[in-house]
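What follows is a short report on a single structure.
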Amino acid sequence: MLGKEFYENITFANNYPFNVTIKGMSETFPAHWHNYAEVLIVLQDSIEYNINSIPYKLNKRDFLLVHPGELHSLVCNHKDLSSYILIQLDASFIFLLPEFKKHYYWIKTFHYLPYGECPALSDYMIELASEINDLFNSNALYKDAKIYARLLEMFAGIGEYVISDSYISRALNQRWLCPSRQSDKTSHQSEITQKMIDVCSYLSQNCTKDLTLLMAANYAGFSKYHFSRLFSEFTGSSFIEFLTNERLKQAVELLLNEKLSITDVAMMSGFSSISTFNRCFQKYKHDTPSNFRKKYTPMKSS
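Residue numbers in the sequence shown follow the numbering used here, run continuously in steps of one, and reach 1308 at the last position.
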């Protein structure tokens, strides 16, 4: 659970919605989180980073993305050397666009792109980050608009990558399915995988609605029982567990708005009753909604 002791209140110069730095970093930086996304383009070998307690050993030309609200830390770095290009940004403007909304679930699964995984995409990201850095430190006309355009290109590259066969196969092997299930992938299996990708995006986008297993099965084009089995194999969770977690993500964001009552948050997140909401929040977040709000509220004003 995130706590106020880990919260970093970032203020950008000139009221910009982003900040860009390329300089020597400290040898370590303690665990913290904030409401902004971070993009890192690594400029040297052997940097160690943690995101949500998952370690990443980064080498030159690797790409790392930290999403808003994720606990992260710099574990090991070479002091006084230029370690990476760091771009911090308010990513909310990106996810206003329909295509990004559609694939938001999959973009959120992405954190790390080692250079050898997809060199063409890595080179493209490095080029965009360098251009963003040059623009940020220039007096160019419409530099903010040009930076926005390149950030959109960067996230479009991520969006295309996370729904590619190579990324999905790796994500399935690491997160959901055992490698043996993916070793002899036929065109039929690829079609099923694409349908599961689409239905996960659909459920994530529409989780606040009164969705049923049958509705999801019809959307994917399977019978209810066949879909239930495929979905469980693909995600590692049941339909209800997946939908509940997506609703809780919505609830966590809504709890930041103190004008909304806990009941309002429950209903707006798609829960049928306040008791169901409280029970699910306690089960998956190990806290009550009201306690979570109390912990978080000081962070917003710190």
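Using N, Cα and C, we set each Cβ at its ideal position, and we do this for glycine too.
query, result
"DSSP three-state assignment for Gln1188, whether helix, strand or coil", "Caution applies to Gln1188, whose pLDDT of 46 falls short of 50 and renders its modelled position unreliable; the value that the coordinates give is listed next. Here Gln1188 sits in coil by DSSP."
"C-alpha gap between Cys1082 and Lys1063, whole angstroms", "9 Å"
"Length-filtered (4 minimum) alpha helix (DSSP H) runs lying within the region 1079-1156", "1104-1108, 1110-1113, 1125-1142"
"Residues near Lys1300 by beta carbon distance below 8 Å, same chain, minus five either side", "none"
"Simplified DSSP assignment, three categories, for Ile1169", "coil"
"Cβ contact check for the region 1072-1082 and the region 1038-1045: 3 or more pairs under 8 Å", "yes"
"Beta carbon of Ile1005 nearer than 8 Å to that of Ile1198", "Nothing in the structure corresponds to residue 1005, since the chain is present only between 1007 and 1308."
"Collapsed DSSP secondary structure at Glu1159 in the structure displayed", "helix"
"Cβ neighbours of Lys1108 in the same chain (closer than 8 Å, five flanking residues each side left out)", "Ser1207, Gln1211"
"Neighbour-count burial assignment, Gln1094, 16 or more Cβ in a 10 Å radius", "buried"
"Where Asp1068 falls, given that 16 or more other Cβ within 10 Å makes a residue buried", "buried"
"Pairwise C-alpha distance: Asn1143 and Tyr1225", "48 Å"
"Buried or exposed (CB count within 10 angstroms, at least 16 for buried), Ser1089", "buried"
"Gln1282 - DSSP class collapsed to helix/strand/coil", "Correcting the residue identity first, residue 1282 is Thr in this sequence and not Gln. Helix, per DSSP."
"Cβ-Cβ separation, Gly1227 to Lys1255 (assumed contact under 8 Å), whole Å", "Incorrect: roughly 26 Å between the Cβ atoms, too far for contact."
"Distance cut-off 7 Å: Lys1300 Cβ against heavy atoms of the ligand HEM", "Only the bare structure without any ligand can be found here, which leaves the ligand HEM out of the picture."
"Simplified DSSP state of His1232, which is helix, strand or coil", "helix"
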